[in-house]
Structures are given as structure tokens and as C-alpha cells.
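A.B. asks: In our numbering, the protein residues as written are 76 to 312.
The beta-carbon is built from N, C-alpha and C at its ideal position, and this holds for glycine as well.
Note that the coordinates shown come from a computational prediction; the quantities given were computed from them, not determined experimentally.
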């Protein structure tokens, strides 16, 4: 898992620091250019956009119209579409909780990461809480907020064993929880990658990582939730 940060001696460090400072300036300028009433409305639209693209990354194409209907408790009669609507609503609910500042200071802490997972999965329909072991074909239910208790394989990557998860998450928190503002901006990208590398949950790791990254930049850059990295992560989808 190490290194967790891009070293000060890296030949890329100077350029990345310049980009981080530029991002901070542009984010602050964008936030200040808008009246508070517009910020609130725009944040709601950004949450819907994040939800759409986050679902798309997971291979779930939930139309924005269906997302809007879900927010009004207007669900499809088709069971699969209804499940995806509930998934979308769950994402928006959790992101709204993050945007309200309720995860402040805890985005990279083990308890914060587990709470993101718990809050999201608790709102999912039962059909979306089951995963299949690709080798044994055994179906296993995902427990909201619970660290995985079995070994997994993701493509060619074999994440750390279940018994090692507390130690790796402890190291993760130790490093990413004590960064300067500039280092936190750059570190959001490395933290995103390393959390996926650890793969703490049986399922939902990608979703949790995206929400964690959003929370890190929300706090570090005071974005007002009017822009998010989630759209960029979906560029190739």
C-alpha cells in the first residue's frame, strides 16, 4: 500500500502542487461568484448529476428523470427499475448528509468510511445487497457498514486479508487524517486509489470511495457542494 503520498522529491510534485493551488483558487472564486440562494439550488442539481454518473460507473443506467421521480417517491412498476431508483435515492441521501457537514473531519477515518457504507447500504433494496463469489458461485449478503470477513479477488488484484483490514485502515487514517490543505487536495486522489486497493467491504467499495473523495474536497476546498470530482471519474463511461 505504501507509499500513500506523492513524495516531496518526486519530479511531479511541483506541477501537482501548482495544480492544487490553482484548483483551490478557482473553487473559491466560483463559490464566491454565486449568491447563497443559487448555491443551494445548484448543489441539489450536482447531487443528482453525481448520483447519475456514480450509478453509471457501477453499470446501472438510471435515467435522470427516474432519479427525479424517485425523490418524489414515484417508483416504477418494473422491479429492476424500482431497485435502481432506490439505489439512486440512497446515493443522494448520503451525499446530502455529507454536504450538510455531518462527516466533517471523519472522511478518512475508519468510523467515517464505515458510516458512509452503512448509511448507503441500509437504504438499498434487498436484491442489491447480494454478491456472488465468482469461483464458488455462493451468494453472500452484504451487511451495511461491516468490514468484509472473507478474502476476495478483484480482477487480478487480491486485496488484503480480512484480518489485516483494521491495521491497513488504521495506517490509512494515520496518513490521510493529518495533511495540510495542499497535501489534502493532492492526497484525495491517492486516498481514493488506496481505499479501493484495501477493498474494505464485500461490495460498494467504489461508491464509498467516490463519496469519500467528494467529502475530502468538500471540506478542504469549501466547495459548497456545487462541483464534484465524481463527473471526472465517469469520463470514460
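Is there a Cβ of chain E sitting closer than 8 Å to that of residue 220, yes or no?
C.D. replies: The question asks about chain E, but that chain is absent: this structure has only one protein chain.
A.B. asks: Report the residue ranges of all beta strand (DSSP E) runs contained in full by the segment 236-312; include only those spanning at least 3 residues, in chain order.
C.D. replies: none
A.B. asks: Using a Cβ-Cβ cutoff of less than 8 Å, which residues in the same chain neighbour residue 240 once the five nearest sequence positions on both sides are dropped?
C.D. replies: 222, 223, 273 and 275
A.B. asks: Between the C-alpha atoms of residue 126 and residue 89, what's the straight-line distance to the nearest angstrom?
C.D. replies: 33 Å
A.B. asks: Following the continuous alpha helix (DSSP H) through residue 121, name the residue where it begins and the one where it ends.
C.D. replies: Per DSSP, residue 121 belongs to the alpha helix (DSSP H) from 111-132.
A.B. asks: Would you kindly work out how many angstroms separate the C-alpha atoms of residue 233 and residue 280, rounded to a whole number?
C.D. replies: 14 Å
A.B. asks: Taking the straight line between their C-alpha atoms, what separation do you get for residue 187 and residue 216?
C.D. replies: 22 Å
A.B. asks: Alpha carbon to alpha carbon, how far is residue 243 from residue 236? Give it in angstroms, no decimals.
C.D. replies: Inter-residue distance for residue 236 and residue 243 is about 10 Å (C-alpha atoms, whole angstroms).
A.B. asks: Which two residues bound the contiguous beta strand (DSSP E) that contains residue 206?
C.D. replies: 205-207
A.B. asks: Helix or strand or just coil, what does DSSP make of residue 232?
C.D. replies: strand
A.B. asks: For residue 216, does the three-state DSSP call read helix, strand or coil?
C.D. replies: strand
A.B. asks: Does the ligand SAM have a heavy atom nearer than 7 Å to the CB of residue 201?
C.D. replies: Ligands are entirely absent from the displayed structure, and the ligand SAM is therefore not among its contents.
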